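Per this note's numbering, residue -15 is the first one in the sequence shown, and the count goes up by one each step.
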Amino acid sequence: MRTDRSLELLREGYPWGRRLRGTAAAVPSRLLGRAAVVVGGPDGVRRFYDPRLRRSGAFPLPLKLVLFGPGTVHGLDGTEHHERKAMYLRLLTPDAVAGLAERAEREWELAARRWQGRERVVLFDEAVQVLTAAVLPWAGVPHAPRELPRRARQLADVLDGFATPGRAYLRAVVARLRLGRWAKRLVRRTRRQQLHPEPGTALHTAATARDHHGNPLPQRVAATAFLNVVRPTVAVSWFVAFAGKALHEHPEWRSRIAEGDRAALDAFVQEARRCYPFVPVLAARARGKQDVLGFQVPRGGLVVLDVHGTDHDPARWPDPDRFDPDRFLTGTVDKDTLVPQGGGEVDTGHRCPGEDATLAMLAVATRSLARLPLVMPPQDLDFDVSRVPTRPRSGVVFALDRARQ
């Protein structure tokens, strides 16, 4: 019997898949007490999203319940998945994403005014507040300025601690419980017509959604569906912190973006998503005994996609650990080689429906930061690749240059 690699994954974090696979598209392994095959690269991505694999039961329950909650689209398959996914696609239309980006741009402008005269600003902390302030009203939540910092902190705690043993995980559990109670109240009050979110907002859509039998979603599931629109928006804060690091370390790109070079901005944003760690791996289970790129997987066995390793595959990305937005200025990107938020098809598969929103929110933040006269003191901008999720250790500290304001 093969050695179980679960503790190695927990200990090593992002580099684990690359170390295990090397240059292979697939390697046999064992995880969570089950036979497994770890796959990566474009062939691995395509095989991972094959319908012979299922998502239900693949994600470890202690992580799933804290990050996603019960009954969510991430663990559904077949008709139920298709119908729930359609709800998110209706929410995240191009017009809706543009509206969210406009709100975020206004919030970044307000934040820049608050930073004037401050000696020390931590970009990551500010991003959490800014993105929460943008997404809650967009999602249909009534304006409550005093409540916003608390919800922002809770959303960040869930994201920061769901995969980290110890105090961070306990904070994540407590934050998830509090957010769940809050979201259920919002859903309940909407259903009782005590709140009146606009049709088409996340709160209204979740509160009025029905399952594939035509019944209203259980209150807890509807609340979770609402949170699974809000939470990923705040998760962009991790990318924003890395974008701040990259702007500081690559001032030539900062200048191009500040001058309005849209192609440079788009390339920078894509490279930030590719280069910096976000999702380490994803998992699926075999519906039946089958061959996975040359290795047999029994029914119920795991197929694990090395997300970080795929985004750092030297066969597709030369010198993969180097930050180089020029990669995205020539040619087209194969959807099976860039999978920071997962792969597959958006409409019919399991690809993240919020990917366009992530790109838009990160572009707004990057452009806003590039245009500001930031002064960054000496600090530790490195990050711990064994921690999931990770971010620059300092949080990216800066102040505004008073002479240039």
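Glycine included, each C-beta is placed from N, C-alpha and C at the ideal position. Here the structure is a predicted model, which is why all the values come from computation and not from measurement.
For Ala96, the CB contacts under 8 Å within the same chain, skipping 5 residues up- and downstream, are Ser352, Leu356 and Leu384 in chain order. DSSP, reduced to helix, strand and coil, places Phe252 within a helical segment of the structure shown. Each residue's CA atom was taken as its position, placing Tyr260 and Trp0 some 15 Å apart. Leaving aside the five residues that flank Gly228 on each side, the residues in its chain whose CB is nearer than 7 Å to its CB run, in chain order, Leu107, Leu353 and Val380. Under DSSP, the beta-bridge partners assigned to Ala383 are Val359.
The beta carbon of Leu143 is closer than 6 Å to those of Ala219 in its chain, skipping five residues each way along the sequence. Partner residues in the beta bridge of Leu15, as assigned by DSSP, are Arg18. For Asp310, the secondary structure class from DSSP, reduced to helix, strand or coil, is helix. Beta-carbon to beta-carbon, Pro324 and Arg257 are separated by about 4 Å, close enough to satisfy the 8 Å threshold.
Rounded to the nearest angstrom, the Cβ distance from Val171 to Ala186 is 11 Å, too far for a contact under 8 Å. Rounded to whole angstroms, the gap between the alpha carbons of Glu91 and Val11 is 46 Å.
With respect to Ala123, Val224 sits apart: the two C-beta atoms are not nearer than 9 Å. Assigned with DSSP and collapsed to three states, Arg269 falls in strand.
For Val213, the enclosing alpha helix (DSSP H) begins and ends at Gln203 to Glu233. The beta-carbon distance between His292 and Tyr(-2), rounded to whole angstroms, is 4 Å. This is short enough to meet the 8 Å contact definition.
Just so you know, the alpha carbons of Ala156 and His296 end up roughly 29 Å apart. For Asp195, DSSP records no beta bridge to any residue.
Going by C-alpha positions, Leu94 is about 33 Å away from Thr148. The DSSP assignment places complete alpha helix (DSSP H) segments of no fewer than 4 residues inside the stretch 73 to 110 at 78 to 99, in order along the chain. Pairwise C-beta distances place the stretch 238 to 253 out of contact with the stretch 298 to 306, as fewer than three of them are shorter than 8 Å.
When the alpha-carbon of His180 is set against those of Val125, Arg(-5) and His234, the nearest one is in Val125. For Gly326, the beta-bridge partners assigned by DSSP are Pro324. Here DSSP, grouped into helix, strand and coil, assigns Ala118 to helix. Here the stretch 125 to 138 makes contact with the stretch 157 to 166; the two share three or more CB pairs at distances below 8 Å.
CA-to-CA, the gap between Gly326 and Arg3 works out to about 20 Å. Per the C-alpha coordinates, the member of Gly315, Val288 and Leu289 positioned closest to Trp301 is Gly315.
With 16 or more other Cβ atoms from the protein chains shown falling within 10 Å of its own Cβ, Gly25 counts as buried. DSSP places Phe146 outside both helix and strand once states are collapsed to three, so it counts as coil.
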